[in-house]
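Enquirer: Handing you this structure, nothing more for now.
2 protein chains.
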Amino acid sequence: MERGRGALGPALELVHTGRAPTRAVLTAELGVTRATAGAVAAELEALGLITVDAHPAAAGSQGRPSHRLSVAPGGPVVLAAQIHADGFRAALVGLGGRMVATAPGCMTVPADPSHIIDAVVEAGAGLLRETGRRCLGAGLAVPSAVAEPDGTALNPLHLSWPAGAPVRRLFTEALAKAGVPGPGEGPATGVTGNDVNLAALAEHRHGAGRGARHLLCVATGHRGVGGALVLDGRLHSGSSGLALEVGHLTVNPAGLPCHCGSRGCLDVETDPLAFLTAAGRTPGPEVSLLQQARDLLRTEYADPAVRAAAELIVDRLGLGLAGLVNILNPDRIILGGLHRALLDADPERLRAVVADRSLWGRSGSVPILPCTLDFNSLIGAAEAAWQPVLDDPLTVLG
Amino acid sequence: MERGRGALGPALELVHTGRAPTRAVLTAELGVTRATAGAVAAELEALGLITVDAHPAAAGSQGRPSHRLSVAPGGPVVLAAQIHADGFRAALVGLGGRMVATAPGCMTVPADPSHIIDAVVEAGAGLLRETGRRCLGAGLAVPSAVAEPDGTALNPLHLSWPAGAPVRRLFTEALAKAGVPGPGEGPATGVTGNDVNLAALAEHRHGAGRGARHLLCVATGHRGVGGALVLDGRLHSGSSGLALEVGHLTVNPAGLPCHCGSRGCLDVETDPLAFLTAAGRTPGPEVSLLQQARDLLRTEYADPAVRAAAELIVDRLGLGLAGLVNILNPDRIILGGLHRALLDADPERLRAVVADRSLWGRSGSVPILPCTLDFNSLIGAAEAAWQPVLDDPLTVLG
DNA sequence: GTGACTTTGTGCCGACACTAAACAAAATAC
DNA sequence: GTATTTTGTTTAGTGTCGGCACAAAGTCAC
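Residue numbers (this note's numbering), protein chains in the order written: chain A, 588 to 985; chain B, 588 to 985.
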């Protein structure tokens, strides 16, 4: 008597995000009867996705103690991959955002995207062979806007890739070449997305964005600024995957010219290079601009010139965030990269600027938080790969 | 043998928006079997919401001709109300966006919002008494941002209302006072929203926005600029109803100061007053600014000064729209008010500016269309009032 | 016209996800 | 030790929908 197919996906997502620690909570969250929740949990356990503790946890409260629901420790995984300016990283990620195995691979990124995509997939496939875990999908994060439905990288700025590189196709081909299995008998099909978008998804599921209904993420990488919006738990990437290109909001009308044709864009006014320049430093070639900017902020914040530069960047960032608040009206903002470091250095200043410059900020200001997840783009790539399973476990696992 | 409760809402919405002219199309659109679609149609007919033609329409194509599905002509209605700078308007609106009866009431708007809300509701209640139609809900459009979940009007700019007027409460109280019945036994509860938001909803259901998945609307009233976004058929109004306050995007860094503290905002650079000023006209007090701007554009577009002013405003509007395209990535843009008139005057110029200044505009540009619906805010208020019925007809009607 | 074909609509049955309600289990409360 | 509270399971039943066969109403070919 197998019951609960319709509620299976939502139930798995609740356990996955840690919002259903017991069957009793699951019952309440799903809005179904105890019988249904029990059947659903039993079926997810039979599928090998979750485990139900044999012995109830320490009671503490009144009534029959409940058995703990958790993600199955030895359960299936997805292959997660990330490509960034300094190289790549591959990992196996289980449900609950758990990193099961990682293969950091630092190297210079070649101009031919297929080489590095092959390499990162091969690294992931190696992890699969070592661990022997079942693989249900694969996701890749790239530092570029990814156009839908083509799956092409439009502006791989930090990489020396050609614009329009067909990253999804290359990823899927690499998965087939490396023999990475999908949920069925065929090879896995690769999910590919922008790194900031995927990081936002990860933060929403497992990090500082939990529980937000309208989550805005803004982050700097090495150059430029990326944005992402998670609406009701789903990534909003626009009609062709190109939404939240927030880098060209005007934040300094008299500012630097930008390649977009305007001046004083968020992109060129708040990225690591802008900060280093404002502080009067000439960036060196040894480590990444982001690293140099972070180091400067950490070690020399007492220096008035550094502090003034930070405040200048914060003011401009605040102007940009205020513009986004007026347009998107999020209930939470999460910052990553250099912006996160700037928030940590002086949280009040940024919050004050945003509240002052957004239309309704004075009545009820938006919480602005640092991101909390390590490797959030990587975890986000895994989240995207898990999505089909979370939507309909039975069809995928059958 | 009542079947098809789950698909009832989607089916009604398909008939309501004219996307399901026959049961065969309904079957395909719902993705169910013919049996289910037939049962659903029968139940909606039994509820008095739709009619199924007794005789099949002229065949034309091969196979058995299908019976026509349409909105029930004498079916229930909702009370729709709109308040604008020049007064108010009330109407009864049936399914399909059909205006069944209207009561235009022009007058000056008093500083006390409850007076005019009482008046517009009383006008609507009069229509209900005259026609004897069953009323299932009520919606009100106001020219102000409406904060959620409070239902207060934050910036009733064109009206002399106090900021923060509790319009939803006043509306609901007026409905009770006037004895407007809701779907159950109690009085109707009023739905209240910003006029541009509601207009966007109406255009999406019955106008130029049909079929768009990510629809952006931008419109000028008399002063300022409003925006709205319809995502997958649902209005996106942000976490507290304040999204798409697009008026403070910077479109002219050296421009006029704005009350928001910045300069050159879309609000002050592209509204009717900006156009009249740019054309060297001093606006008179006799008709509304919007009317004067439209008249000038229609009658004197040949005048080089007027044409240059129009092009200036179009260029600035294009810059603002390009910024929104970068952030929202819509698949269609609809313009209303003066912006609509400017688009009509020179469609190519605006499209070119948006394509040129948006990041990905050159590869695939966004269609920009004029709005097509008369009284779209009013119809939108009705749409919002119909929403509970469209979501779950059985619960509302019993 | 007549028959073949195409498309639409309906009746019947079964699958199945879920509810309802009674029962059972395991803790705390007094 | 008994009552109470909360959790979990069993059983029966309900309602929605898919599958399938059949019927209806047109066009097309000749």
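Idealized CB from N, CA, C, for every residue including glycine. Since the structure is predicted, the reported quantities are computational estimates derived from the model, not experimental observations.
Look up T982/B in the DSSP assignment and say whether it is helix, strand or coil.
Expert: As a position in the second sequence, residue 982/B is number 395, starting the count at 1. Three-state result, T982/B: helix.
Enquirer: Whose Cβ in chain A lies nearer than 8 Å to the Cβ of S731/B?
Expert: Here residue 731/B corresponds to residue number 144 of the second sequence, with the count starting at 1. The contacting residues do not exist; S731/B stays about 12 Å from chain A at best.
Enquirer: Is the region 738-748 of chain A touching the region 664-682 of chain A, taking contact as three or more C-beta pairs under 8 Å?
Expert: yes
Enquirer: Taking buried to mean at least 16 other C-beta atoms within 10 Å of its own C-beta, is H823/B buried or exposed?
Expert: For this step, residue 823/B is matched to residue 236 along the second sequence. H823/B is buried by the Cβ-count criterion.
Enquirer: Please name the residue, chosen from T864/B, D961/B, G820/B and E735/B, that lies closest to P917/B on a Cα-to-Cα basis.
Expert: Locating residue 917/B in the second sequence gives position 330, counting from the first residue. When each option's Cα is compared against that of P917/B, the closest is G820/B.
Enquirer: Excluding the 5 residues flanking T776/A on each side, which residues of the same chain have their C-beta closer than 6 Å to its C-beta?
Expert: Numbered from its first residue, the first sequence carries residue 776/A at position 189. Taken in chain order, the residues that qualify are T759.
Enquirer: Using the C-alpha atoms, what's the distance from C804/B back to G635/B?
Expert: As a first step, residue 635/B is located in the second sequence; it is residue number 48 there, counting from the start. As a first step, residue 804/B is located in the second sequence; it is residue number 217 there, counting from the start. The straight-line gap from Cα to Cα measures roughly 33 Å.
Enquirer: Is the region 592-602 of chain B in contact with the region 615-633 of chain B, if contact means three or more CB pairs nearer than 8 Å?
Expert: Counting C-beta pairs with one atom in each stretch, the region 592-602 of chain B and the region 615-633 of chain B have three or more that are closer than 8 Å, which means they touch.
Enquirer: Across the region 862-870 of chain A and the region 878-895 of chain A, are there enough close Cβ pairs to call them in contact, namely three or more that are closer than 8 Å?
Expert: yes
Enquirer: To which residues does DSSP link T837/B through a beta bridge?
Expert: What you label residue 837/B is simply residue 250 of the second sequence in a count that begins at 1. Per DSSP, C852/B.
Enquirer: V767/A and A728/A - do their beta-carbons sit closer together than 9 Å?
Expert: Counting from one through the first sequence, the residue named residue 728/A turns up at place 141. Counting from one through the first sequence, the residue named residue 767/A turns up at place 180. Contact: no.
Enquirer: Could you please give me the residues that DSSP links to H823/A through a beta bridge?
Expert: Indexing the first sequence from 1 puts residue 823/A at position 236. L816/A, per the DSSP bridge assignment.
Enquirer: When you compare each of T837/A, D931/A and R919/A to G798/A by their alpha carbons, which one comes out closest?
Expert: Position 211 of the first sequence, counted from the first residue, corresponds to residue 798/A. Per the Cα distances, R919/A.
Enquirer: Go through the region 868-893 of chain A residue by residue and report every complete run of the alpha helix (DSSP H) that reaches 4 residues or more, in order.
Expert: The qualifying runs are 876-886.
Enquirer: Kindly indicate if chain A contains any beta-carbon less than 9 Å away from that of E832/B.
Expert: Against the second sequence, residue 832/B aligns to sequence position 245. Yes, E832/B lies at the interface with chain A (some Cβ there is under 9 Å from its Cβ).
Enquirer: Rounded to whole angstroms, what is the Cα-Cα separation between A615/B and V941/B?
Expert: Reading the second sequence from its first residue, position 28 is the one you call residue 615/B. Reading the second sequence from its first residue, position 354 is the one you call residue 941/B. Taking the straight line joining both Cα atoms gives about 37 Å.
Enquirer: Under the rule that 16 or more other beta-carbon atoms within 10 Å means buried, what is Q649/B, buried or exposed?
Expert: Indexing the second sequence from 1 puts residue 649/B at position 62. That one is exposed.
Enquirer: If I follow the unbroken alpha helix (DSSP H) through F758/A, where does it start and stop?
Expert: Translated into the one-based positions of the first sequence, residue 758/A becomes position 171. Where F758/A is concerned, the enclosing alpha helix (DSSP H) stretches over V754 to A765.
Enquirer: Looking only at DSSP bridge pairs, what is I966/A linked to?
Expert: For the purposes of this step, residue 966/A is identified with residue 379 of the first sequence, where counting begins at 1. I966/A pairs with nothing; no bridge assigned.
Enquirer: Leaving out the 5 sequence neighbours to the left and right, which residues in its chain are closer than 7 Å to V687/A when beta-carbon positions are compared?
Expert: For the purposes of this step, residue 687/A is taken as the residue at position 100 of the first sequence. For V687/A, where only same-chain residues beyond five positions count, the Cβ hits under 7 Å are V664, L679, V680, G681, T718 and R720.
Enquirer: Do the CB positions of G726/A and A972/A come within less than 9 Å of each other?
Expert: Translated into the one-based positions of the first sequence, residue 726/A becomes position 139. Translated into the one-based positions of the first sequence, residue 972/A becomes position 385. Taking 9 Å as the Cβ cut-off, G726/A and A972/A qualify as a contacting pair.
Enquirer: Give, in chain order, every unbroken run of the alpha helix (DSSP H) that is at least 4 residues long and sits entirely within the region 677-745 of chain A.
Expert: 700-718
Enquirer: Please name the residue in P652/A, R810/A, D902/A and P870/A whose C-alpha comes closest to that of V838/A.
Expert: The residue given as residue 838/A occupies position 251 in the first sequence. Nearest option by C-alpha distance: D902/A.
Enquirer: Mind pulling the chain A residues with CB within less than 8 Å of P840/B?
Expert: For the purposes of this step, residue 840/B is taken as the residue at position 253 of the second sequence. Under the 8 Å cutoff, chain A gives T837, P840, A841, R850 and G851.
Enquirer: Kindly indicate the opening and closing residues of the alpha helix (DSSP H) around V602/A.
Expert: The residue you call residue 602/A lines up with position 15 of the first sequence. Where V602/A is concerned, the enclosing alpha helix (DSSP H) stretches over L595 to H603.
Enquirer: How many Å lie between T695/B and R938/B at the Cα?
Expert: Residue mapping note: residue 695/B aligns to position 108 of the second sequence, counting from 1. Residue mapping note: residue 938/B aligns to position 351 of the second sequence, counting from 1. Cα to Cα, the separation comes out at about 38 Å.
Enquirer: Which residue from A706/A, C722/A and T807/A puts its Cα closest to that of C958/A?
Expert: Residue numbering aside, residue 958/A sits at position 371 when the first sequence is read from its first letter. Here the closest residue by C-alpha is T807/A.
Enquirer: Kindly indicate which residue of A786/B, E709/B, G751/B and G811/B has the alpha-carbon position closest to the one of A763/B.
Expert: Numbered from 1 along the second sequence, position 176 holds the residue referred to as residue 763/B. Comparing Cα positions, the closest option is E709/B.
Enquirer: Tell me the DSSP secondary structure of Q974/B in three-state form.
Expert: Along the second sequence, read from residue 1 onward, the residue named residue 974/B stands at position 387. The answer is helix: DSSP assigns Q974/B an H, G or I state.
Enquirer: Tell me, please, whether the CB atom of M588/B is closer than 9 Å to any CB atom in chain A?
Expert: As a first step, residue 588/B is located in the second sequence; it is residue number 1 there, counting from the start. Because the pLDDT of M588/B is 43, which lies under 50, any placement of that residue in the model is unreliable, and the question is left without a value.
Enquirer: Any contact between the region 608-622 of chain A and the region 653-664 of chain A? By contact I mean 3 or more CB pairs, one from each, below 8 Å.
Expert: yes
Enquirer: Once the 5 residues before and after G951/A are set aside, which same chain residues still bring their CB inside 8 Å of it?
Expert: By one-based count along the first sequence, residue 951/A stands at place 364. Answer for G951/A: no residue qualifies.
Enquirer: CA-CA distance, V783/A and G814/A?
Expert: Position 196 of the first sequence, counting from 1, holds the residue named residue 783/A. Position 227 of the first sequence, counting from 1, holds the residue named residue 814/A. Answer to the nearest angstrom: the Cα atoms are 6 Å apart.
Enquirer: N781/A bridges to which residues according to DSSP?
Expert: Counted from its first residue, the first sequence places residue 781/A at position 194. The partner list for N781/A (beta bridge, DSSP) reads V729/A.
Enquirer: Counting only beta-carbon separations shorter than 9 Å, does H603/B have a partner in chain A?
Expert: Numbered from 1 along the second sequence, position 16 holds the residue referred to as residue 603/B. H603/B does not count as touching chain A.
Enquirer: For the beta strand (DSSP E) containing A667/B, list its first residue and its last residue.
Expert: Looking up residue 667/B in the second sequence gives position 80. Per DSSP, A667/B belongs to the beta strand (DSSP E) from V664 to H671.
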